[in-house]
Amino acid sequence: MANQKIQLKSVNGNKLQYASWGCGEMDRFFTQKTCDRCGAELKVRRMSRFNTDVLCPACIEEERMHPDYEKAAAAELEAVRRGDMNFPGIGWPGKNGRVR
Ligand SMILES: [Zn+2]
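For the sequence shown, the numbering used here assigns the number 752 to the initial residue and increments by one for each residue that follows.
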């Protein structure tokens, strides 16, 4: 019984989070079939830290290696802190590009 209560609570929490994220992006995140960046079929999906692209694991790994990854992650965290759940990201400069 106690476990059930905790589960219910977390489900409600997630729903609230999705609602405040912006329904459009959330829908796209779940229905998108291919990677926004390389076009690979999405078996595992992640949201880009640089923009709102839905990415495959290979492209996420590429972002992690990017010299501006820390900057993108920090900007996203800062946006969440000030309550901006629709932050579009600092923009993906390309694998060999730099964020200005
Ligand atoms: Zn990809």
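C-beta: ideal position from N, C-alpha, C; glycine also.
- For cysteine 810, the enclosing alpha helix (DSSP H) has its first and last residue at 808 to 816.
- Between arginine 832 and glutamate 814, the beta carbon gap of about 21 Å keeps them out of contact (Cβ cut-off 8 Å).
- In the DSSP assignment, glutamate 827 falls within the unbroken alpha helix (DSSP H) covering 820 to 832.
- Shown here for glycine 842: same chain residues with a beta carbon closer than 8 Å to its own, the five before and five after excluded, namely Phe801, Asn802, Val850 in chain order.
- Around the beta carbon of leucine 828, fewer than 16 other beta carbons sit within 10 angstroms, so the residue counts as exposed.
- Within the same chain, and ignoring the five residues on either side of alanine 826 in sequence, the residues whose Cβ sits closer than 6 Å to its Cβ are Ile841.
- Listed by position in the chain, the residues whose beta carbon lies within less than 6 Å of some heavy atom of ligand 1 are Cys786, Arg788, Cys789, Ala791, Leu806, Cys807, Ala809, Cys810.
- Looking at the DSSP output, valine 805 shares a beta bridge with Met798.
- The Cβ atoms of alanine 791 and alanine 809 lie closer than 8 Å to each other.
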